[in-house]
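Take the sequence shown: its letters are residues 0 to 744, numbered as in numbering that gives the first Met the number 0.
Beta carbons: idealized from backbone N, C-alpha and C, even for Gly.
Beneath this line is the structure, given in C-alpha cells, with notes to follow.
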Amino acid sequence: MSVTSATSSFLNRCLASGLLLVLLMTLLISSRVSAQTGTDALPRPAGLEPAIRFWTRVYTEADTESGFLHDARNLSVVYRKVDYDRREIESFRSRIVEDLKVLASGKRTGLTLTQQEVLDAWPAGVDNATLAEAANNVRFQLGQSDRFIEGLIRSGAYREHIEQVAREKGLPVELAALPHVESSFHPGAYSHANAAGMWQFIRATGQRFMRIDNVVDERMDPYTATYAAMSLLEYNYNLLGSWPLALTAYNHGAGGLARAVRETGTNDIATIIANYQGRAFGFASRNFYPQFLAVLDVERQAQALFGVLHLDPAPDYQEFELQAYIEADTLAQSLGVTIDQLKFDNPALRPVVWQGGKRIPKGYTVKIQSDSIRGNLDALIAAIPDTQLYAYQTPDVNYVVQRGDSLSVIASRFDTSVGELVRLNQLQNQHQIRVGETLLLPHDTQMVTQTLASEDEPLPIAADGRYVVRSGDTLSRIADQHGVSAIDIMRLNGLDSVDRIYAGQSLQMPLGDEPELIAASYTVPEQTPADADISESLASAESAQTPERQPPTGEFFGPPAPAEVAIFEQPMSAVNASQLAVEIIESPAERNELAAQALAADPNDYSVAENRTIEVHASETLGHYAEWLGVRTQDLRNANNMRFDQPLIVGQRLVVDLSEVSRDEFELRRRQFHIDQQQNFFRNHRIQDLEQHQLAANENIDTLARQRYSVPLWLLRQYNPELDFSRVRVGQTIVFPVVEPVNDV
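The following block contains the structure:
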C-alpha cells in the first residue's frame, strides 16, 4: 500500500514549522511514494556509517563468548575486545572510566599505556568535555557472529515465505532480514520482557493482528506472525513516511517516533538519532536502524565471511481448517502422527491444549508436514467419529482479583501453584496483578470447583457506590441483582450500549433516592491507578514494538544490547511465590511513562501541551475530561467558550484545568482509558488487511466505519491521523483497517 496524503498531512502536523518546511515535506513524501521498494528505500545517511560499521563488527568479529567495550553515543569509539567474563569486563570498564576522567582533566603527556590507548580510540583533538561525558557512557556489547550464523541457517526455512508476503504487500524484500535483529530467526524466542516468537511481538501490539490468548498464541507461528510483522511495518510506513522511521518504530513504537518527529522538527533519521532526547529513546532504539543495515551488509557477504553454509529447507506442509473443536490427542491419533509431531508443526497452540485442558479450537488451521502423513489427508479427517468432534470449547474457570489479593494468596486458595497461574495467564509481570482483573484457573483441581461454587453471589457495592464487573456479568443481571434500573446505570456511567461493559470495569451504581440528579449528571467510570496495578501489556511494554528492549547481558554494564534475546521453551516455569504480592507503582510520572509505552502503536498525542491544551481524540467526551480533571463539565465549557449544546470535534484543541490534578495524573487517566478501550477491542478482533475507500455522495464516515467495516472511530483515526472529521469531502480517500472477529476460545 503506497503512502498517500495521509502521511504528508500527519508529518506536517508533527513538524508544524512553517510553510516552507511544509512544502519541502510534501515534495519529500511524493518522492517516497515511488521509492517505497526502490534502491533508495533504505537510505544510509553518512552520519550513521560509524554505527553501521560497529554493528558489522558485532556480527562478524566477536561471538557470544566475547564482545566490545565501547562508547554508547559515538560507536566509532571502541576501546577493546574482551572475553565475556563479568568480572573481567567490569575490571576493564572501571579502568577505562578512570582513564577517561584523567584525560578529561586535560592531561595529554606522561600518559600510562592504558590512558594512551583510551585517548587513541578517540579522534585527534578530542576536547575535555567530550571525554568527561564519555566516562558515563562506557558499555559492553556482546558479540553475535555465532548467533548470526545459526540464524542464517534457520532462515532458510522461512525466507521464501517472508519475501513472498513482503511482495504481496508491495514492501521492500529487504525487510525479510529483520528477524536477524529480533530473534536470530528463532521461532521459539522469548525476551525477558515477554516479547515472543521470531518477530518478537509483545502481547499488546501482537493482538492487533493475531490471536493471542490462553488457547492460541499466533506469535509463536512464524508464518502467521510474518503477516502480522509486515502489517505492522506497513502501518508504520504509511504513518511515518519513510522506512528508516518505520523500522525504528518497530522497536520504539509508532507513537514514540511520531513524538520524535514533533519534538525534533524533522523526519531525518540521522538527526533524530543524534538529537532526540526522549526518555525511552535509548541505546536500542537509536541503533535499531543502523543495526538492521549492518545485518543486510553481513548477509550479502555471508559466504565470503563465513564460508559455504547449508540453509535449512522450507518444510512442506499440508493444511486444513477445523470444522469443530477436537482434543489434541484425538487429532494426532486420527492423522497417524505423534502428539510431539503435531505440537512441533503447530507452535501457536498453547500448553493447555497439549495438556488436555482445552480443545484445539474450531476454525484453527492445522499444519502437518507432508512426509508425516500416511494416506489421504481428507480421508483421515473424514474418518474422525462425530462423537470426537465438539460444538463448543472446554469452558474457562475464572477468578476476579479482589483488593488485597496476590498470586500466592490466590494459588493457595485454589490449591494450585503461582507458576501455574503465571503460565496459564501469560502474565508478563509476575509482580503485578490488577484489582478487577480476570485470572484463568486450572481445570484439574477440586478446590477450584468447590471454592467458586460458593462465590455465585454478586459482589457487594463498595462504600463509594461502585461495583466491579465480573466475568459473565451483563448490565441487566447487575441491575436485577441490586434492584436498580439498567438504564440508570447506563446514564450514570455514560454508556451508549448495553454491551459496553467488561470484566474489571468499575461502575458507579444508582443510590436509589436521587434519580433526577443521576440522569442529568454525566460521568464516566473512574480510572483509579492508585488502587490498581498497571496491566500486563502496560507493565512490560519494553520490547520489539515498544521503547527499549532490555536484553539480559547488557544491563549490568550499561545500556542494553538490542541483539540479545533469551531462548526458552517456556518463558516462566516456576516463580517464587513470596515475590508476587500485589505491587503498586507509586509515582504518577512513572505510571504515566508505562502507559505511554503501552500505547506505542497508537500515534495519537495524549499529552498536555505547554499552553495547557489537548487535542480531542475519538471516543473522548467532555464528561471524560471533567472526570479525569476532577472538575465540572461547565467549568470546561466556560474555559473554552463553548455553548451547552456545542459538540466536541475530533482534532480540535481544548483548554484543560489542572487545578485539581497534576498533569501526569490527568495524562495517566486519559491514557488508561484508551489502553482499556483498545485492549478490550483487540481481545475480540484482529486486523487482517487495509482497504482504501473513496467517499461517494451521501456516504457518512461514521456509518461506514460502524456498519460496513465494523471499525471503531478511534482505530480509524489511527490509520488516518490527518482526517478532519468535520470536513470530510466526496472523493476523499480513507484507509479502513479490515478486521475480523477472533474465534471463541
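For Asn699, there is no enclosing beta strand (DSSP E), as DSSP marks it with neither H nor E. Apart from the 5 residues on each side of it in sequence, Asp119 has no Cβ closer than 6 Å to any other Cβ in its chain. DSSP places Asp315 outside both helix and strand once states are collapsed to three, so it counts as coil. Within its own chain, the residues whose Cβ lies closer than 7 Å to the Cβ of Ala638, once the five positions on either side in sequence are excluded, are Val654, Asp656, listed in chain order.
Ala301 is positioned such that its CB atom lies no closer than 8 Å to that of Leu177. Taking 8 Å as the cut-off, the Cβ atoms of Gly187 and Asp311 do not count as close. Taking every protein chain shown into account, the CB of His309 has fewer than 16 other CB atoms within 10 angstroms, so this residue is exposed. Within the same chain, and ignoring the five residues on either side of Ser416 in sequence, the residues whose Cβ sits closer than 7 Å to its Cβ are Ala410.
In chain order, Leu628, Gly629, Val630 place their CB closer than 7 Å to the CB of Glu659, counting only its own chain and leaving out the 5 sequence neighbours on each side. One Cα belongs to Val727, the other to Tyr708, and the distance between them is close to 18 Å. Thr337: not part of any alpha helix (DSSP H); DSSP gives it neither H nor E. Residue Val294 holds the alpha-carbon nearest to the alpha-carbon of Leu41 among Ala279, Val294, Leu102. When beta bridges are read from the DSSP output, Phe200 appears opposite Ala195. DSSP, reduced to helix, strand and coil, places Ile367 within a strand of the structure shown. Leu244 places its beta carbon 8 Å or farther from that of Phe287. Under the DSSP definition of a beta bridge, Gly240 lacks any partner. A distance below 6 Å between beta-carbons, with the five flanking residues on each side excluded, links Glu318 to the following residues of its chain, in chain order: Thr364, Lys366.
By the C-beta density criterion, Val307 is exposed, having fewer than 16 other C-beta atoms within 10 angstroms. Per DSSP, the continuous beta strand (DSSP E) segment holding Asn397 begins and ends at 397-399.
Asn603 is not a Cβ neighbour of Glu666, given a cutoff of 8 Å. Beta-bridge analysis with DSSP links Tyr189 to Ala195.
Of all alpha-carbon atoms in Val76, Glu149, Leu635, Asn237, the one lying nearest the alpha-carbon of Glu48 is that of Val76.
Following the DSSP letters along the chain, one finds Leu653 in no alpha helix (DSSP H) but inside the beta strand (DSSP E) bounded by residues 652-654. The Cβ neighbour count for Ala599, taken over all protein chains shown within 10 Å, is at least 16; the residue is labelled buried. Note that the segment 319-329 touches the segment 350-362; at least 3 beta-carbon pairs, one per stretch, sit closer than 8 Å. Around His481, the same chain offers no residue with a beta carbon nearer than 6 Å, after the five sequence neighbours per side are excluded. Straight across, the Cα-Cα distance linking Met508 with Ile500 is about 13 Å. Taking C-alpha positions only, Ser230 is separated from Lys168 by approximately 8 Å. DSSP, reduced to helix, strand and coil, places Thr393 outside both helices and strands of the structure shown, so it counts as coil. Apart from the 5 residues on each side of it in sequence, Thr270 sits with its Cβ closer than 7 Å to the Cβ of Thr263 in its chain, given in chain order. Taking all protein chains in view, the Cβ of Arg278 is surrounded by fewer than 16 other Cβ atoms within 10 Å, so the residue is classified as exposed.
Apart from sequence neighbours up to five positions away, the residues of its chain that approach Glu173 with a beta-carbon distance below 7 Å are Leu41, Leu295, ordered along the chain. Considering only Thr63, Tyr78, Gln676, Ala71, the residue with the shortest C-alpha distance to Asp84 is Thr63. Here Leu379 has Ser333, Leu334, Gly335, Ile372 as same chain residues with Cβ atoms under 8 Å from its own Cβ, once five neighbours each way along the sequence are excluded.
A direct Cα-to-Cα measurement between Arg79 and Tyr58 gives close to 16 Å. Spatial neighbours of Glu149 in its own chain (CB-CB distance under 7 Å, excluding positions within 5 residues in sequence) are listed in chain order as Ser183.
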